[in-house]
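Whatever position you read off the sequence shown (first residue = 1), add 3 for the numbering used here.
The beta-carbon is built from N, C-alpha and C at its ideal position, and this holds for glycine as well.
Encoded as C-alpha cells, the structure appears first; notes follow it.
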Amino acid sequence: MTSPNRESTASFLKQGKSVVQNSDADGYAAGILSTYQIDENGIVSGFYDNGETLALWQLLLCDFDNPQGLHREGGNLFSETKESGKARQGVANDDGFGSTNAYHVEQSNVDMSREFVQMITTQRGFQANSKGITTVDAMLETIIGMKR
Numbered sequence: 004m005t006s007p008n009r010e011s012t013a014s015f016l017k018q019g020k021s022v023v024q025n026s027d028a029d030g031y032a033a034g035i036l037s038t039y040q041i042d043e044n045g046i047v048s049g050f051y052d053n054g055e056t057l058a059l060w061q062l063l064l065c066d067f068d069n070p071q072g073l074h075r076e077g078g079n080l081f082s083e084t085k086e087s088g089k090a091r092q093g094v095a096n097d098d099g100f101g102s103t104n105a106y107h108v109e110q111s112n113v114d115m116s117r118e119f120v121q122m123i124t125t126q127r128g129f130q131a132n133s134k135g136i137t138t139v140d141a142m143l144e145t146i147i148g149m150k151r
C-alpha cells in the first residue's frame, strides 16, 4: 500500500511558522440561523444571515387504521392503542399522507358536545343562584313590610 502525498494539501510547521499549502475553500462563510419556513411537504428550511438556505428537517407524520381508537392524553395529544392499530409513518404528500399547513390553527381539537354540556351546566348554575337571590329578596321585602 502506498502512502498518499500529503505535502500538497496539509498544513505544517516550517521554520517556526505554521503554513497552509492549499487555501482554496469549497464551502461558504459561517452564518447564524435568522428565520425558518415550513413548506407543504413538511420540509423545514433554515435561512441564514450569510444568504444561504438549507433544508434542515422533514416532519414525520403518523396515520392510523382507526383514528377514533386513539387514547386522548389531553389537549391535542393522543397515544396509540390496540383499537387504533400501529402507527404508519410517512412524510407529507407521499403515500396517502396529507400536506402540512404551517402557521395555521387547527380547529378540530375542540369537543363541541363537551363544550355545550359545560355551557348548559354553567347556565343552570347561574339560574339556580339567581333564583336564590330572588327568593331572599322577596323574604327581605316581606320582613320590611311586617315591620311597618
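Taking the beta strand (DSSP E) that residue i belongs to, which residues open and close that run?
i   : result
E76 : H74 to G77
Could you give the first and the last residue of the continuous alpha helix (DSSP H) run that contains residue i?
i   : result
V94 : Note, V94: premise wrong, no alpha helix (DSSP H); not H, not E.
May I ask you to report which of helix, strand or coil DSSP gives residue i?
i    : result
G49  : strand
L143 : helix
I41  : strand
S82  : strand
For residue i, which residues does DSSP report across the bridge?
i   : result
T56 : F50
L63 : According to DSSP, which records beta bridges pairwise, L63 is partnered with nothing at all.
Is it buried or exposed, residue i, if we count other Cβ atoms within 10 angstroms and call 16 or more buried?
i    : result
S14  : Because the pLDDT at S14 is just 47, under 50, the model does not fix this residue reliably, and the value given afterwards should be weighed accordingly. Burial call: exposed.
T103 : buried
A95  : buried
G153 : With the chain running from 4 to 151 in the structure shown, residue 153 is simply not present.
G78  : exposed
G45  : buried
Touch test, the segment 31-38 against the segment 46-53, Cβ-Cβ under 8 Å, three pairs minimum: yes
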